[in-house]
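Taken in sequence, the protein lines are chains F and D. Per this note's numbering, the first sequence starts with residue 15, numbered consecutively. Per this note's numbering, the second sequence starts with residue -8, numbered consecutively. Note that the Cβ used here is the ideal one computed from N, Cα and C, for glycine as well. This structure is a prediction, so every number in the text was calculated from the model and none was measured. Beneath this line is the structure, given in structure tokens, with notes to follow.
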Amino acid sequence: MEYMEHIVLVFISIVLINNLVFTKFLGCCPYLGVSGRLDMAFGMGLAVTFVTTLAGTLTWLIDHLFLLGTALEVTRYVCFILVIAGAVQLVEMYLRKFFPTLYEAFGIFLPLITTNCVILGLCLFLNLWQVNDILMAVVLSFGAGIGFTMAICIMAGIRENLALADVPECLQGAPITLITAGLLTLAFMGFAGMIK
Amino acid sequence: MADKQLTVGSTFTAGIWSENPVLRLLLGMCPTLAVTTGVKAALTMGLSVIFVLICSNLVVSLMRNLLKPHLRIMMFTLTIATFVTIADLFLKAYLPDMSAKLGPYIPLIIVNCIIICRAESCASKNGPWISVIDGLAYGIGFTVVLCVLASIREILSTGKIFETVQVMPGGFVPWAGMAMPVGAFVTLGLMLGLVNLVTKKKA
Chain F
15 MEYMEHIVLV FISIVLINNL VFTKFLGCCP YLGVSGRLDM AFGMGLAVTF
65 VTTLAGTLTW LIDHLFLLGT ALEVTRYVCF ILVIAGAVQL VEMYLRKFFP
115 TLYEAFGIFL PLITTNCVIL GLCLFLNLWQ VNDILMAVVL SFGAGIGFTM
165 AICIMAGIRE NLALADVPEC LQGAPITLIT AGLLTLAFMG FAGMIK
Chain D
-8 MADKQLTVGS TFTAGIWSEN PVLRLLLGMC PTLAVTTGVK AALTMGLSVI
42 FVLICSNLVV SLMRNLLKPH LRIMMFTLTI ATFVTIADLF LKAYLPDMSA
92 KLGPYIPLII VNCIIICRAE SCASKNGPWI SVIDGLAYGI GFTVVLCVLA
142 SIREILSTGK IFETVQVMPG GFVPWAGMAM PVGAFVTLGL MLGLVNLVTK
192 KKA
């Protein structure tokens, strides 16, 4: 029971308090670049969530079964990036076969997920935080994906409204998006200290 | 890019100003925002990126005729991952403090879009010499922006630069917000705004 409680707390913490976008700046490129439309952002978020969960779990297993403590540890980054690229390829093939409409909607974003820093960042953080059991690794990976989805959707919602706002000419586009993002991180700091 | 003659001078102006990776192309945002709490960290990050960029551009340019289109991105990332591992191990061995401070952001250079972007749009189309120059130019452009942003944030958040030299007068109250994520986002936003303003004036 206590273990379950711990797992739930970890999940809430990675989604709200240690959100990778707001506190670690991971996934900023799609966050600032793609998130112009809400439906697009949501789809992107779901695809990332799926790949993160898969890649996070797999890299944790590979790390703990084969690499840690052996001379092969130097090949970690190469292994990680291979796993991520493989996972993305898998999702791409699966979607093309079973959900062609969704596949069409994602278009170019799907292969680009490979270079999304949320995924590689999470795989690296799993090691840095010394996550020692597999269930925790799965929960953290899934939570990181959900956190990213939430961040990118909030941003897309704000930007849809921002299109109607009267922004000074030199701040239009990327600058005002960055400033909005800054204010959002400030808002999310309100969650800090909720869970130790 | 490919249709006009590339020279050393034009590559440098493109990398540092007219196509500056951070200010103009908005690439490589994660490290830009994350490591700019101090100038030292920013400089280390910038130099690592220059190293990886030059090496990966050189290798990609040398093997550009062997690449199959659908495996291209994969080969790019693997090349980059190899050089990032070298940089990471080097930092761990010679600058352990800095390596601990930068943490996962050094391995995250692998997925830094600047490097893939240069491999794709320059190194896979041009010879080794111009690719190396291109890597150096864009790397310097990235490092300069990183250092400027880091200086602003470090001076405002601690009153010092390079962690020791006092810049601000004695009565200065450190601005804690600048060391937090919000400081990074807002400062970079205002910097982009300023650059837009300057370019508008010129045009």
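What residues of chain F sit near residue i, judged by a beta carbon separation below 9 Å?
i       : result
I64(D)  : A99, P125, T128, T129
T76(D)  : V88, T89, R90, Y91, V92
N11(D)  : Those do not exist, as N11(D) stays about 13 Å from chain F at its closest Cβ, beyond 9 Å.
K191(D) : E183, C184
Show which residues of chain D have a CB atom less than 8 Å away from the CB atom of residue i.
i       : result
V65(F)  : Here the premise fails: no neighbours, minimum Cβ distance about 13 Å.
A177(F) : Simply none; closest approach about 17 Å.
I193(F) : F176, V177, G180, L181
F139(F) : P95
L142(F) : G94, P95
Below 7 Å on C-beta distance, what does residue i contact in chain D?
i       : result
A188(F) : L17, L183
G135(F) : P95, L99
L40(F)  : C21
Use the C-beta contact count for residue i: other C-beta atoms within 10 angstroms, 16 or more gives buried, fewer gives exposed.
i        : result
A134(D)  : First, the residue type needs correcting, since residue 134(D) is Thr and not Ala in the sequence shown. It counts as buried.
H20(F)   : exposed
F162(F)  : buried
A5(D)    : buried
L(-2)(D) : Looking at the sequence provided, one finds Thr at residue -2(D) rather than Leu. Exposed, because fewer than 16 other Cβ atoms sit within 10 Å of the Cβ of T(-2)(D).
A(-7)(D) : Residue placement at A(-7)(D) is poorly supported in this model, since its pLDDT is 44, which falls under 50; the coordinates are not used for a value here.
N130(F)  : buried
G0(D)    : exposed
K38(F)   : buried
D77(F)   : buried
I115(D)  : Per the sequence presented here, residue 115(D) reads as Ser, with Ile not at that position. When all chains shown are included, S115(D) counts as buried.
S39(D)   : buried
T178(D)  : buried
P60(D)   : exposed
F139(F)  : buried
G118(D)  : exposed
Y17(F)   : exposed
M285(F)  : Residue coverage of chain F in this structure runs from 15 to 210, which leaves residue 285(F) outside it and unanswerable.
V153(F)  : buried
A195(F)  : buried
A128(D)  : buried
M20(D)   : buried
D53(F)   : exposed
M36(D)   : buried
T84(F)   : exposed
T191(F)  : buried
Output, in chain order, the set of chain F residues within a Cβ distance shorter than 8 Å of residue i.
i       : result
M89(D)  : In chain order: nothing, as chain F lies at least about 16 Å away.
V123(D) : Going along chain F, no residue has its Cβ under 8 Å from V123(D), so there is no contact; the nearest lies around 23 Å.
V173(D) : G196, L197, T199, L200, M203
T134(D) : Under the 8 Å cutoff, chain F gives no residues; its nearest Cβ is about 18 Å from T134(D).
M169(D) : The contacting residues do not exist; M169(D) stays about 11 Å from chain F at best.
I107(D) : T129
L69(D)  : V92, I95, L96
M54(D)  : Result: empty, since nearest Cβ-Cβ is about 17 Å, beyond 8 Å.
Report the neighbours of residue i on chain F: residues whose CB is nearer than 7 Å to its CB, in chain order.
i       : result
C104(D) : C43, T129
A72(D)  : Y91, V92, I95
Based on DSSP bridge pairs, tell me the residues matched to residue i.
i       : result
I193(F) : Beta-bridge pairing links I193(F) to no other residue.
V102(F) : Bridge partners of V102(F): none, in fact.
K151(D) : Q157(D)
Output, in chain order, the set of chain D residues within a Cβ distance shorter than 9 Å of residue i.
i      : result
I76(F) : Under the 9 Å cutoff, chain D gives no residues; its nearest Cβ is about 15 Å from I76(F).
L46(F) : L17, M20
Indicate whether at least one CB of chain B lies closer than 9 Å to the CB of residue i.
i       : result
P114(F) : The structure shown contains no chain B; its protein chains are F and D.
(request) Taking 8 Å as the threshold, find out whether the stretch 150 to 163 of chain D comes into contact with the stretch 24 to 35 of chain D through three or more Cβ pairs. (result) yes
(request) Count the C-beta pairs between the stretch 82 to 89 of chain D and the stretch 56 to 69 of chain D that are closer than 8 Å, then say yes if the count reaches three, no if not. (result) no
(request) Would you check if there are 3 or more beta carbon pairs closer than 8 Å linking the stretch 148 to 161 of chain F to the stretch 94 to 101 of chain F? (result) no
(request) Check distances from the C-beta atoms of the stretch 26 to 48 of chain D to those of chain F and list, in chain order, the residues that come in under 7 Å. (result) none
(message) For the pair the stretch 15 to 25 of chain D and the stretch 172 to 182 of chain D, tell me if three or more CB-CB distances fall below 8 Å.
(response) yes
(request) Assess, as a yes-or-no matter, whether the stretch 191 to 207 of chain F is touched by the stretch 105 to 121 of chain D under the definition of 3 or more beta carbon pairs within less than 8 Å. (result) no
(message) Taking 8 Å as the cut-off, does the stretch 137 to 149 of chain D touch the stretch 165 to 182 of chain F (at least 3 CB pairs, one atom from each stretch)?
(response) no
(message) I want to know whether the stretch 65 to 77 of chain F touches the stretch 137 to 156 of chain F - three or more CB-CB distances under 8 Å.
(response) yes
(message) Does the structure place the stretch 26 to 42 of chain F close enough to the stretch 112 to 120 of chain F that three or more beta carbon pairs sit under 8 Å?
(response) no
(message) Along the stretch 25 to 38 of chain F, where does the CB come closer than 9 Å to a CB of chain D? Name the residues.
(response) F36, T37, K38
(request) Mind the definition here: the stretch 43 to 51 of chain D touches the stretch 73 to 83 of chain D only if three or more C-beta pairs lie below 8 Å; say whether that holds. (result) yes
(message) Which residues of the stretch 155 to 180 of chain F have a Cβ closer than 8 Å to any Cβ of chain D? Give them in chain order.
(response) none
(message) Tell me whether the stretch 180 to 188 of chain F and the stretch 49 to 69 of chain F touch, counting them as touching only if at least three CB pairs, one residue from each stretch, are closer than 8 Å.
(response) no
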